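A quick write-up on the structure given underneath.
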Amino acid sequence: MDSFKEIYSTYKHRVYFFVAKYVSDEEDIEELVQDIFIHVWKHFSKADSVSQTEALVFKSAKQEISNFYRKRKMIFVPLENSNEVNTEENSEIEKKITQEDQLQKIENLLEQVPERSREFFIKNKIQNLSLFTIAQENEISKTAVEKHVNKVLKFLRANLNLFF
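Residue numbers (this note's numbering): 2 to 165.
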């Protein structure tokens with residue numbers, strides 16, 4: 002019991018602000034935070050270390066936020082055809098905004114990697130140049146280019162998990 006109190010006191014504010022990034026209504030935020038800690042209560046005995054506890058807390062937060070949006074989507078039923086079209090348009094707009102946000106996050110992260118690695122990554126993944134072509138242009142081995150690209154991919158994956 003004391004260890005759960007310690008987990009709660011350590012993470013309650015961080016979880017609250019994490020949820021607030023995705024949900025704007027105060028009551029919904031508080032309900033989600035409560036649901037998150039109920040989930041953590043059920044599973045916190047599985048966490049052996051501090052990093053596993055933090056992972057459990059924030060994985061639970063992501064799951065509860067997803068469940069919240071899934072429930073909201075299923076509850077909403079348009080009353081008129083005009084509302085249905087409007088809802089589809091809003092959904093498309095929301096998707097586009099989400100995609101733009103994700104692209105902006107990726108661009109910001111790419112600014113943090115070394116210039117040469119970033120250049121190789123962009124040429125390979127965005128401009129669709131082969132590793133061999135990039136290697137020839139820069140007079141280095143294909144393996145070296147591959148290591149640069151993989152280093153950037155690993156960095157992006159590690160840091161994008163923080164956002165989702």
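Ideal Cβ placement from N, Cα and C applies to all residues, glycine included. These numbers were taken from a predicted model, which means no experiment stands behind them.
Between F121 and I107, the gap from beta carbon to beta carbon reaches 9 Å or more. Each residue's CA atom was taken as its position, placing E65 and H149 some 36 Å apart.
In the structure shown, the three-state DSSP call for E31 is helix. Its chain contains F69 as the residues whose beta carbon lies nearer than 8 Å to that of D29, once the 5 sequence neighbours on both sides are disregarded; these appear in chain order.
Here the alpha carbons of Q100 and S118 stand approximately 24 Å from one another. The Cβ atoms of F19 and F45 lie no closer than 9 Å to each other. When rounded, the separation of the alpha-carbon atoms in A62 and E147 is 35 Å.
Burial of F38 is indicated by the presence of at least 16 other C-beta atoms within 10 angstroms of its C-beta. Residue environment analysis places L33 among the buried positions, since at least 16 neighbouring C-beta atoms fall within 10 angstroms of its C-beta. DSSP places K152 in the uninterrupted alpha helix (DSSP H) bounded by K143 to L161. Around the beta-carbon of T144, fewer than 16 other beta-carbon atoms lie within 10 Å, marking it exposed.
Annotation for L132: the continuous alpha helix (DSSP H) segment containing it runs L132 to N139. Put simply, the backbone Cα of V24 is about 16 Å away from that of D102.
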